[in-house]
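Number of protein chains: 2
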Amino acid sequence: MNAEDPTKEREETKSALTAAEADGLNAYWRAANYLSVGQIYLLANPLLLEPLVPEHVKPRLLGHWGTTPGQNFIYVHLNRVIRIRDLNMIYISGPGHGGPAVLANVWLEGTYSEYYPAVSENEAGMKTLFHQFSFPGGVPSHVAPETPGSIHEGGELGYSLSHAYGAAFDNPDLIVAAVIGDGEAETGPLSTSWHSNKFLNPCRDGAVLPILHLNGYKIANPAVLARLPHEELENLMKGYGYSPRFVEGSDPLDMHQKMAAAMDACLDDIKGIQQAARNGGVRERPVWPMIVLRSPKGWSGPKEVDGKKVEDFWRSHQVPFAEVRTNPAHLQLLEDWMRSYRPEELFTPSGALRAELKALAPKGKRRMGDNPHANGGLLLRDLMMHDFRDFAVMVPSPGAVEAEATRVAGAFLRDVMKENMAAANFRVFGPDETASNRLGFLFEVTDRTWMDEVMDYDDHLAPDGRVMEILSEHTCQGWLEGYLLTGRHGFFSCYEAFIHIVDSMFNQHAKWLKVCKQEIPWRRPIASLNYLLTSHVWRQDHNGFSHQDPGFIDHVVNKKADVIRVYLPPDANTLLSVTDHCLRSRDYINVIVAGKQPSWQWLDMESAVRHCTCGIGIWEWASSDTLDGDPDVVMACAGDVPTLETLAAVDILREKIPDLKIRVVNIVDLMTLQPPEEHPHGLKDRDFDDIFTIDRPIIFAYHGYPWLIHRLTYRRTNHYNLHVRGYKEEGTTSTPFDMVVRNDLDRFHLVADVVERVPRLRQKAAYVKQYVRDMLIAHNEYIRTHGEDLPEVRNWQWTRTLKPSTDGL
Amino acid sequence: MNAEDPTKEREETKSALTAAEADGLNAYWRAANYLSVGQIYLLANPLLLEPLVPEHVKPRLLGHWGTTPGQNFIYVHLNRVIRIRDLNMIYISGPGHGGPAVLANVWLEGTYSEYYPAVSENEAGMKTLFHQFSFPGGVPSHVAPETPGSIHEGGELGYSLSHAYGAAFDNPDLIVAAVIGDGEAETGPLSTSWHSNKFLNPCRDGAVLPILHLNGYKIANPAVLARLPHEELENLMKGYGYSPRFVEGSDPLDMHQKMAAAMDACLDDIKGIQQAARNGGVRERPVWPMIVLRSPKGWSGPKEVDGKKVEDFWRSHQVPFAEVRTNPAHLQLLEDWMRSYRPEELFTPSGALRAELKALAPKGKRRMGDNPHANGGLLLRDLMMHDFRDFAVMVPSPGAVEAEATRVAGAFLRDVMKENMAAANFRVFGPDETASNRLGFLFEVTDRTWMDEVMDYDDHLAPDGRVMEILSEHTCQGWLEGYLLTGRHGFFSCYEAFIHIVDSMFNQHAKWLKVCKQEIPWRRPIASLNYLLTSHVWRQDHNGFSHQDPGFIDHVVNKKADVIRVYLPPDANTLLSVTDHCLRSRDYINVIVAGKQPSWQWLDMESAVRHCTCGIGIWEWASSDTLDGDPDVVMACAGDVPTLETLAAVDILREKIPDLKIRVVNIVDLMTLQPPEEHPHGLKDRDFDDIFTIDRPIIFAYHGYPWLIHRLTYRRTNHYNLHVRGYKEEGTTSTPFDMVVRNDLDRFHLVADVVERVPRLRQKAAYVKQYVRDMLIAHNEYIRTHGEDLPEVRNWQWTRTLKPSTDGL
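Spelled out as structure tokens, the structure:
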């Protein structure tokens with residue numbers, strides 16, 4: 006653009022940009038700001054070809070201006086470095102409620118019109134762009150799944166940086182620019198996610214460029230980080246392990262020079278770090294660059310409205326002034342504001358961005374809106390997977406052998422890890438619990454990711470490890486989401502109680518998936534988010550009450566049926582089958598709950614596969630009813646410990662009351678219980694009635710809070726006869742069996758439940774009830790004396806099955 | 006202890022302690038360590054008066070040794086400064102799973118035997134202390150509600166520092182020592198809670214002394230902060246605004262000197278800061294001191310077991326070696342380990358701590374185990390409260406006036422704040438949303454707490470403000486919990502969707518309350534934790550799908566019925582009544598869901614009080630059934646928006662089908678729906694049947710996920726006829742009425758539901774259904790054209806009631 010030699014001019018003026026370059030960036034920024042204001046305010050007259058009248062303005066004004074100009078500024082500068090350095094970059098908008106910024110930019114760069122042809126690059130398209138924003142039937146006010154180039158909603162704050170790192174892992178050529186608002190920076194999840202740099206390997210991973218955007222204010226308050234003394238803030242960023250560069254001010258041309266210089270320096274640093282590591286090997290954790298951008302909130306907007314400060318203040322957070330339809334002064338203010346960007350210099354008469362500005366955007370897939378990493382399904386490759394049957398536990402007959410379910414699954418995961426090592430598209434995540442959750446076989450083929458110092462006695466720590474452990478469920482979840490959304494696969498194991506820490510993150514991911522699946526055909530399916538919840542409520546007897554909470558399932562089932570799945574495999578082979586299924590699935594959130602302790606195994610591999618395929622089944626090998634005619638009682642169970650207690654109760658009942666006809670039903674896929682109208686896995690009513698009968702008592706032993714089973718089955722014919730035992734919030738440090746006794750889920754209570762509910766047993770009730778009472782007293786005395794469970798409980802084994810388990814299914 | 010002049014000796018040796026003082030502290034520390042190991046391992050032979058045999062050892066070994074010696078070390082040094090400076094101090098054990106440490110120390114100082122006389126200060130008591138730990142019928146392995154001196158469980162990590170600050174607010178004489186494990190330090194909530202110092206006023210608040218305990222390892226990994234280069238860690242702490250002092254090493258006597266010097270310096274600093282502020286006024290935020298203690302994990306325990314590194318490594322995290330009953334070498338190792346503390350020097354032959362060591366503990370209420378702040382109910386004073394009726398909205402007849410419910414409640418809260426300003430025992434908490442949630446009247450009497458720089462245009466920021474705002478729900482919740490647990494009152498307002506961020510913190514507080522109420526008579530009742538959830542699912546039309554989630558209620562009702570309450574006041578006067586009730590209640594978690602938008606008001610104050618007292622009621626003024634005979638349909642509603650839609654539907658039905666007998670039921674107290682066996686507020690079945698009939702269709706419009714109503718009512722007689730509308734996870738940026746339409750909760754769908762379910766209306770179905778279809782089509786067209794709701798919806802008003810609302814109840 007400058008006829009003279011730009012390099013020379015830059016050298017002479019000691020500037021990052023020539024005057025013409027700075028002007029160009031500023032014009033592009035003005036265009037983005039203009040389009041942002043237009044989206045918030047206008048229905049029509051997008052180019053201001055005629056004077057504004059109230060009818061041009063939306064009746065309801067919804068949007069967030071405050072963060073928007075700062076994000077436009079950042080985006081413009083990222084475009085510059087992408088263009089001149091040919092970078093592969095995506096953009097994460099932490100303050101995602103600044104939707105107008107990203108929408109403006111992806112429209113300017115041309116991506117938006119490619120994804121949504123109706124929003125074309127002309128006046129009509131600009132009018133639609135404005136009209137649709139935050140308008141019924143239009144697009145959300147936030148950076149949402151509908152927004153090309155985004156993997157991050159930004160409505161619930163805290164996760165931008167962990168998403169960014171998740172995207173960068175195993176993408177060595179990718180740079181993820183992550184804008185962190187000073188509001189978001191106050192959240193816990195964001196505060197700890199700065200430490201993600203301890204897990205980023207400059208050889209095999211890409212880079213994250215954090216841009217902490219201090220615009221000073223939240224909704225109504227200054228932001229904490231924005232008011233820190235400079236030295237404290239600098240110390241904080243250095244303490245997090247970054248080298249911060251400060252870009253501070255409000256004069257646009259001056260700020261363009263500073264920002265361009267800072268960007269260039271950061272990208273030089275990134276290149277230097279990566280080259281050094283990739284040529285010389287990883288020696289120590291690098292100090293990565295980052296930018297602190299301090300710019301006014303609502304920058305370039307009205308300084309005052311009705312005599313009150315707006316620019317550089319919280320009043321610009323949302324819509325700076327709202328009486329535009331009714332107050333002519335406000336209408337004039339809006340028109341003056343929009344004309345201050347001089348749209349006639351930015352757009353052609355037909356409404357397209359002028360060519361010399363368009364040239365400042367990157368091209369094709371280099372445009373951040375069109376980078377395939379932000380539509381990860383495009384890049385997704387299936388996992389290479391061994392046949393999970395090869396890891397089967399040999400189960401000659403039900404209850405004949407013990408195994409630790411998660412350890413068996415760990416062997417399978419190890420081989421998945423090994424098979425996909427070259428593809429570099431699978432990682433395992435967890436808060437310091439991979440070994441504790443008995444997935445330690447993984448360490449035969451990989452290590453824990455660790456970029457800091459390693460001692461010679463340390464255990465499987467390495468920069469190229471693929472097990473990601475940090476004691477922050479938030480960070481694990483954020484990394485995993487970022488990894489999945491950019492087209493890879495993962496697995497998250499966690500203590501069951503503490504997965505509640507990410508309840509709200511789960512919500513947001515479930516909402517993202519729902520919208521993508523139902524409404525956005527161009528979003529390609531991504532790998533499911535797989536949780537393995539172990540160290541569960543029934544075996545936290547050593548950690549006590551604070552570690553006992555099975556409520557995540559309840560939380561999960563509130564979300565849309567077509568994105569959530571819940572599995573309760575009762576043993577190792579069913580866990581294998583379920584794990585295989587989950588790793589192959591797409592666009593779901595799969596919750597698997599399984600134990601890690603040595604437990605009796607019930608199903609051989611073929612039976613397990615059949616059982617998991619149905620999701621629910623009658624265990625005839627355990628039942629004493631005949632094929633013709635209904636049983637006296639249905640004993641249903643879901644979860645490993647409830648299954649154990651149910652079978653032990655069946656054992657007692659069959660001994661005490663040999664002619665009792667018991668049907669044992671086991672549920673792996675909890676969603677089979679719901680009606681098919683509610684969940685695609687729901688059993689048809691007729692099938693449900695066949696299994697549970699229409700009139701016999703059902704004693705249901707459930708892993709979690711019992712009322713969930715009622716909530717799932719209240720429309721079923723025989724719901725009236727359903728009696729559920731589960732966790733009723735009783736617990737402490739005790740023995741494993743005492744935990745079930747405290748919650749009436751133990752074999753003895755189940756026996757009593759059966760006797761109480763089968764009418765013809767009433768005459769036998771007395772002696773069986775006496776037996777139950779005696780056993781519970783004996784239990785109490787024994788644990789208080791010996792500190793461990795009754796030998797007859799500890800040593801109990803199912804011995805009734807002589808035939809192999811496959812026969813029964 | 007030293008015959009010579011200790012001051013002189015200290016000066017001459019340039020040490021904080023004389024040799025004798027260091028020896029004394031070390032002996033006390035050995036005693037605490039000895040008792041800790043004993044708790045983890047022994048059933049009997051507590052003084053090792055005879056050689057250990059397997060029978061002396063517990064059959065199941067449960068406990069966490071790793072953190073314990075470090076915490077013992079800290080506790081001993083805190084005792085020293087309390088004693089020599091006469092400090093008022095409580096102790097927060099972030100690594101609360103190190104239960105043996107606190108139990109050992111409160112026993113040594115004599116508190117434990119006062120609270121639990123059976124655990125006396127002699128051999129028998131010591132045996133009980135050992136036996137009961139992590140033993141069935143005994144005490145939890147964590148620092149739990151059962152532990153005197155604790156307000157913090159430490160099982161779920163992340164909240165120690167926010168609890169500590171919550172305790173320090175408005176307690177100017179209190180110093181809260183907060184031990185933060187390096188595992189906990191990785192969590193999000195902890196990472197941001199360091200910034201709590203920006204909200205601590207040295208004049209009116211106490212002090213927090215953070216002690217970051219780097220013992221290097223978590224369960225299986227090094228800790229991130231423990232492996233940072235020294236300079237980074239120091240920058241991090243300085244960046245958080247603290248002045249760190251490092252105490253690092255492993256030689257006990259050397260470490261005692263360093264720790265005593267660091268403690269003295271920190272306490273001098275605290276005193277200096279407080280004196281300067283209290284004499285000269287608050288000028289700027291002080292830089293508070295903190296300690297970084299780097300000591301080996303499992304310090305003083307076995308260095309190796311079976312040739313594997315244990316001390317200073319993750320293998321010492323729990324029980325360092327476990328085969329003590331079966332492996333004679335392990336048994337010997339245990340005996341050697343315990344004898345290495347030389348118990349015979351520490352305890353009298355009868356098992357009491359020797360007098361010269363006992364003298365090192367503080368006395369009476371100065372003992373951290375007996376500090377009344379750690380049993381806050383002891384200090385709790387009732388709030389002074391204006392009669393909430395004085396803030397009533399005048400409602401001449403139902404639907405005659407509009408009001409913003411939370412704004413009205415805000416006026417009440419303002420006066421509560423004012424009345425209790427002198428007592429300094431009430432604060433309001435929220436993530437930057439107090440004004441947005443329309444509680445702004447509070448700012449007439451107080452400000453937002455803010456210790457950093459204040460600009461002249463800032464809005465109600467001051468060091469002595471009593472509204473606590475930080476954009477971290479975790480920190481708000483942690484502060485509030487700490488404030489309540491130390492005997493004060495509080496109120497937390499939050500966007501409904503984002504309260505899920507603290508789901509797991511809610512869990513832990515509910516568990517704490519449950520245990521206190523049911524099992525620990527010496528724990529005195531504390532003020533309830535009150536949530537006001539507003540900006541709720543139905544009025545997040547501008548922020549869109551990410552902000553729409555009413556599931557916190559579902560989460561809450563999983564906890565014990567005797568600690569949780571859920572209220573859905575339909576208008577301002579009911580919100581006033583409920584708020585008053587919640588502020589007066591004790592030991593509950595109260596969840597109030599209420600809107601902030603201008604809405605029609607239904608009940609005058611007296612009606613509102615009566616309605617809230619019952620928790621549920623028939624609104625006869627809206628009903629068209631007669632007192633004798635059952636209605637054709639029951640239209641039930643819970644929540645402000647469902648109430649509006651129900652009444653609008655009733656209005657339509659009464660116009661279209663004048664002879665239809667409709668009964669309108671409104672539910673304020675959701676727990677009335679449950680059977681009384683499940684919740685103390687549950688209606689008796691007969692009363693429930695009277696209200697809901699036993700055979701008429703019930704159309705229930707509910708604020709949240711509809712299945713919750715089924716889960717609460719599935720045992721009720723007429724459950725079969727219950728049809729619930731609620732949020733079914735559909736939403737985006739749209740209009741308020743479109744939100745209810747998308748979820749079938751709108752007046753038109755409710756009308757259709759009624760017509761479909763009342764048998765005698767079938768012949769009228771066609772024209773009413775046509776009306777519904779027409780209206781929904783008109784709605785869709787109108788919002789897409791105009792961007793706002795149909796005028797007949799926006800302008801709808803209830804005009805049927807001529808009599809005052811009180812008559813109808």
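The listed protein sequences correspond, in order, to chains E and X. Position in the first sequence (from 1) plus 5 gives the number in our numbering. Position in the second sequence (from 1) plus 5 gives the number in our numbering. All C-beta atoms in this analysis are idealised placements derived from N, C-alpha and C, irrespective of residue type, glycine included.
{"Item": "Any non-hydrogen atom of the ligand GTP closer than 8 Å to Lys601 (chain X) Cβ", "Value": "Inclusion of the ligand GTP in the displayed structure is not the case, the ligand content being empty and no account of it being possible."}
{"Item": "Where Met473 (chain X) falls: helix, strand or coil (DSSP)", "Value": "strand"}
{"Item": "Separation of Pro530 (chain E) from Gly43 (chain X), as counted between CA atoms", "Value": "56 Å"}
{"Item": "Environment of Asn430 (chain E) [buried if 16+ CB atoms lie within 10 Å]", "Value": "buried"}
{"Item": "Contact check, Asp508 (chain E) vs Ile558 (chain X), beta carbons under 9 Å", "Value": "no"}
{"Item": "Assumed close pair Ala212 (chain E), Ile180 (chain E) - CB separation to whole angstroms, cut-off 8 Å", "Value": "5 Å"}
{"Item": "Asp10 (chain E) burial status per 10 Å Cβ neighbour count (16 or more: buried)", "Value": "exposed"}
{"Item": "C-beta atoms of His552 (chain X) and Ala502 (chain X) nearer than 9 Å", "Value": "yes"}
{"Item": "Alpha-carbon spacing of Leu108 (chain E) relative to Tyr117 (chain E), whole angstroms", "Value": "8 Å"}
{"Item": "Three-state class that DSSP yields for Ala414 (chain E) in the structure shown", "Value": "helix"}
{"Item": "Nearest candidate by alpha-carbon position, reference Ala334 (chain E), set E:Val58, E:Arg765, E:Glu786, E:Leu47", "Value": "E:Val58"}
{"Item": "Any C-beta of chain X under 9 Å from that of Arg65 (chain E)", "Value": "yes"}
{"Item": "Buried versus exposed call for Pro249 (chain E) [16 or more other C-beta atoms within 10 Å across all chains shown]", "Value": "buried"}
{"Item": "Cβ-based contacts, 8 Å cut-off: residues of the region 516-528 of chain X near chain E", "Value": "Lys516, Lys519, Val520"}
{"Item": "Of the residues X:Lys223, X:Ala49, X:Asp259, the one placed nearest Phe78 (chain X), counting alpha carbons only", "Value": "X:Asp259"}
{"Item": "7 Å CB neighbourhood of Arg2 (chain E) in its chain, flanking five on each side removed", "Value": "The displayed coordinates of chain E run from 6 to 814. Any statement about residue 2 (chain E) would go beyond what the structure contains."}
{"Item": "Close-in-space but distant-in-sequence residues of the same chain around Met510 (chain X) (CB under 6 Å, 5 per side omitted)", "Value": "Gln482"}
{"Item": "Test: Thr539 (chain E) CB closer than 9 Å to a CB of chain X", "Value": "no"}
{"Item": "With 16 other Cβ atoms within 10 Å as the buried cut-off, status of Gln775 (chain X)", "Value": "exposed"}
{"Item": "Close Cβ partners of Asp812 (chain X) (< 6 Å) along its chain, the five nearest in sequence each way excluded", "Value": "Bear in mind that a pLDDT of 40 at Asp812 (chain X), under 50, signals an unreliable position, so the number given afterwards is only what the model happens to contain. If we look at Asp812 (chain X) and ignore the five residues flanking it on each side, it has no Cβ neighbours."}
{"Item": "Residues near Val398 (chain E) by beta carbon distance below 7 Å, same chain, minus five either side", "Value": "Val406, Ala408, Val413, Ala577, Asn578, Gln606"}
{"Item": "Neighbourhood of Asn7 (chain X) by C-beta distance below 8 Å, restricted to the same chain and skipping five residues each side", "Value": "Interpretation of Asn7 (chain X) is limited by its pLDDT of 47, a score under 50 that renders its predicted location unreliable; the figure taken from the coordinates is listed afterwards. Closer than 8 Å at Cβ, skipping near neighbours: Glu14, Thr23, Ala24, Ala25, Glu26."}
{"Item": "Cα-Cα separation, Lys132 (chain E) to Leu48 (chain E)", "Value": "7 Å"}
{"Item": "C-beta neighbour in chain X for Gly143 (chain E), strict 9 Å", "Value": "yes"}
{"Item": "Assigned exposure category for His235 (chain X) - 16 Cβ within 10 Å defines buried", "Value": "exposed"}
{"Item": "Status (buried if at least 16 other CB within 10 Å, exposed otherwise) for Tyr39 (chain E)", "Value": "buried"}
{"Item": "Whole-Å CB distance - Leu489 (chain X) paired with Ala532 (chain X), under 8 Å assumed", "Value": "5 Å"}
{"Item": "For Thr491 (chain E) and Trp527 (chain E), the rounded distance between their alpha carbons", "Value": "14 Å"}
{"Item": "Unbroken beta strand (DSSP E) run spanning Phe705 (chain X), endpoints", "Value": "703-707"}
{"Item": "Beta-carbon contacts of Pro153 (chain X) that lie in its chain and below 7 Å, excluding the five residues immediately before and after", "Value": "Val111, Thr116, Tyr117, Tyr120, Gly374, Asp375"}
{"Item": "Bounding residues of the beta strand (DSSP E) (the contiguous stretch that carries Phe431 (chain X))", "Value": "431-435"}
{"Item": "Given 8 Å, three or more beta-carbon pairs between the region 52-69 of chain E and the region 293-305 of chain E", "Value": "no"}
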